[in-house]
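**Student:**
Numbering (this note's numbering), first residue to last: 5 to 137.
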């Protein structure tokens with residue numbers, strides 16, 4: 005920005021010299037050539053500034069923050085003894101037996117319904133005199 009400002013002010017000074025103090029054709033051409041070079045520098049700097057402005061407008065910042073953590077060793081894994089495994093086996097076995105008993109206790113209406121249907125069917129077959137195959 006500072007260099008661009010200085011180049012612009014230098015160009016303005018050359019333009020003033022061209023208007024007021026140049027008398028010969030060589031001075032005019034010399035001054036115009038310097039003004040053209042300065043104009044090229046100004047346009048180049050402005051183009052670069054526009055490019056940088058566009059790049060910063062599209063850029064993003066990724067920030068990762070980590071907090072140091074103190075090392076903690078893994079706790080030792082608990083291994084059950086043989087006696088505890090046997091006890092668990094008995095508990096699981098009793099759980100299975102109780103589940104079977106509860107299944108039959110909860111299913112008694114179905115069992116009685118099946119017995120009733122079978123008995124009624126047998127009675128009807130006997131009354132009609134049909135033989136069961």
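Note that beta-carbon positions come from the ideal geometry of N, C-alpha and C, so glycine has one too.
So, helix, strand or coil for residue 29, using DSSP?
**Tutor:** helix
**Student:** In terms of residue numbering, what span does the alpha helix (DSSP H) encompassing residue 117 cover?
**Tutor:** First-last of the alpha helix (DSSP H) with residue 117: 112-132.
**Student:** Does the beta-carbon distance from residue 33 to residue 14 come in below 8 Å?
**Tutor:** no
**Student:** Tell me the rounded alpha-carbon separation between residue 7 and residue 48.
**Tutor:** The alpha-carbon of residue 7 is positioned some 12 Å away from that of residue 48.
**Student:** Does residue 18 come out as helix, strand or coil in the three-state DSSP assignment?
**Tutor:** helix
**Student:** How close, in whole Å, do the beta carbons of residue 35 and residue 21 come, if the pair is a contact with beta carbons under 8 Å?
**Tutor:** About 6 Å separates the two Cβ atoms, so the contact holds.
**Student:** Mind reading off the beta-carbon distance from residue 39 to residue 18? Whole number of angstroms is fine, and I expect it under 8 Å.
**Tutor:** In this structure, residue 39 and residue 18 form a Cβ contact; the two beta carbons are roughly 5 Å apart against a cut-off of 8 Å.
**Student:** Can you tell me which of the three DSSP states residue 53 falls into?
**Tutor:** helix
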